[in-house]
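**Q** Heads up: the sequence shown is residues 132 to 313, going by the working numbering.
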Amino acid sequence: MLNALAALLAALQLCVPVTLPEAVQAEMLSGRLLRFHVVAQDDSAEMQRIKLCVRDAVQTCYAAEVRTDEPMLAQAEELLPELTAAALAAARQEGFDGAVDVRLESTAFDDRRLGSLTIPAGDYPALMIRMGEAQGQNWWGLLDPDLSLQLARIPCQEATGSLRWDWSLAGFLSALFGVRMM
132 MLNALAALLA ALQLCVPVTL PEAVQAEMLS GRLLRFHVVA QDDSAEMQRI KLCVRDAVQT
192 CYAAEVRTDE PMLAQAEELL PELTAAALAA ARQEGFDGAV DVRLESTAFD DRRLGSLTIP
252 AGDYPALMIR MGEAQGQNWW GLLDPDLSLQ LARIPCQEAT GSLRWDWSLA GFLSALFGVR
312 MM
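1. In the DSSP assignment, the beta strand (DSSP E) including Asp254 goes from what residue to what residue?
2. Ignoring anything shorter than 3 residues, give me the beta strand (DSSP E) runs that lie fully in the segment 143-204, in order along the chain.
3. Can you name, in chain order, every residue of its own chain whose Cβ lies under 7 Å from the Cβ of Gly320, other than the five neighbours on each side?
4. Does the segment 192-205 come within contact of the segment 157-174, defined as at least 3 CB pairs closer than 8 Å?
5. Just to confirm, is the Cβ distance from Gln268 to Gln190 under 8 Å?
6. Nearest-angstrom Cα distance between Lys182 and Gly272?
7. Taking DSSP as the reference, what is the three-state secondary structure of Leu214?
8. For the beta strand (DSSP E) holding Gly272, just list the boundary residues, first then last.
9. Quick one: Cα of Leu210 to Cα of Arg243, how far?
10. Could you give the residue range of the beta strand (DSSP E) that holds Ala265?
11. Do Pro212 and Leu235 have their C-beta atoms within less than 8 Å of each other?
12. Report buried or exposed for Asp200, applying the criterion of at least 16 other Cβ atoms within 10 angstroms of its Cβ.
13. Which partner residues of Arg223 appear in the DSSP bridge assignment?
14. For the beta strand (DSSP E) that Ala230 lies in, which residues bound it at each end?
15. Which one of Arg198, Ala218 and Asp187 has the shortest CA to CA distance from Arg261?
16. Looking only at its own chain, which residues have a Cβ that is under 8 Å from the Cβ of Asp174, when we skip the five neighbours before and after it?
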């Protein structure tokens, strides 16, 4: 019974439409979607942990004020003092006493994957948080964590508006187990 239910759920997940990378790119360029990056001081396990705490605090602060009818960039501009305070407070609470630089800027990015979606390279507005020397690994996503998760799960909407379904073995494994085959 559980196997049949798992197979049914997997099949239903395969029926989720996917957004074309160009549509997501246009939304990011317009500021409706906003890239969010947190760069740690270094690659130590402790700094990587603190980086994620800072990310969570900033996303929680944003989520408490989010208005879905306004572009993320405009909201982040309004909330920048609060987002900065949340990042600094989280870093200090976790024991990091270095600089925490929070700013909105246009940044050149390489191709990036967000779940099954590839975001094309380009200059995008982004909320950038750099901790200390900012020589560590970078976490990235969207400022709105729920939207980031939704986009990461979306499989592709054709330019015509019709849906394209992923019936491949790779799509099935991705839906069933979260495994991505290249």
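For each residue, glycine too, the CB sits at the ideal point set by N, CA and C.
Treat the numbers as computed from the prediction; the structure is a model and nothing was measured.
**A** Well, looking at it:
1. For this step, residue 254 is matched to residue 123 along the sequence shown. Gly253 to Met262 is the span of the beta strand (DSSP E), which, as asked, contains Asp254.
2. 166-170
3. Not covered by the structure: residue 320. The range shown for the chain is 132 to 313.
4. yes
5. For the purposes of this step, residue 268 is taken as residue 137 along the sequence shown, with counting starting at 1. For the purposes of this step, residue 190 is taken as residue 59 along the sequence shown, with counting starting at 1. Not a contact, by the Cβ cut-off of 8 Å.
6. For the purposes of this step, residue 182 is taken as residue 51 along the sequence shown, with counting starting at 1. For the purposes of this step, residue 272 is taken as residue 141 along the sequence shown, with counting starting at 1. Distance between the alpha carbons of Lys182 and Gly272 is about 13 Å.
7. One-based indexing of the sequence shown puts residue 214 at position 83. Three-state result, Leu214: helix.
8. The residue given as residue 272 occupies position 141 in the sequence shown. From DSSP, the beta strand (DSSP E) with Gly272 extends over Asn269 to Leu273.
9. In the sequence shown, residue 210 corresponds to position 79, counting from 1. In the sequence shown, residue 243 corresponds to position 112, counting from 1. If you take the alpha carbons of Leu210 and Arg243, they lie about 26 Å apart.
10. In the sequence shown, residue 265 corresponds to position 134, counting from 1. Note, Ala265: premise wrong, no beta strand (DSSP E); not H, not E.
11. Along the sequence shown, read from residue 1 onward, the residue named residue 212 stands at position 81. Along the sequence shown, read from residue 1 onward, the residue named residue 235 stands at position 104. Going by C-beta atoms, Pro212 is not nearer than 8 Å to Leu235.
12. As a first step, residue 200 must be located in the sequence shown, where it is residue number 69. Exposed: under 16 other Cβ atoms inside 10 Å.
13. Residue mapping note: residue 223 aligns to position 92 of the sequence shown, counting from 1. Arg223 is not bridged to any residue.
14. For the purposes of this step, residue 230 is taken as the residue at position 99 of the sequence shown. Neither: Ala230 is in no beta strand (DSSP E) and is coded neither H nor E.
15. By one-based count along the sequence shown, residue 261 stands at place 130. Arg261 has its Cα closest to that of Ala218, out of Arg198, Ala218 and Asp187.
16. Within the sequence shown, residue 174 is the residue found at index 43, counting from 1. The answer, listed in chain order, is Gln266, Gly267 and Gln268.
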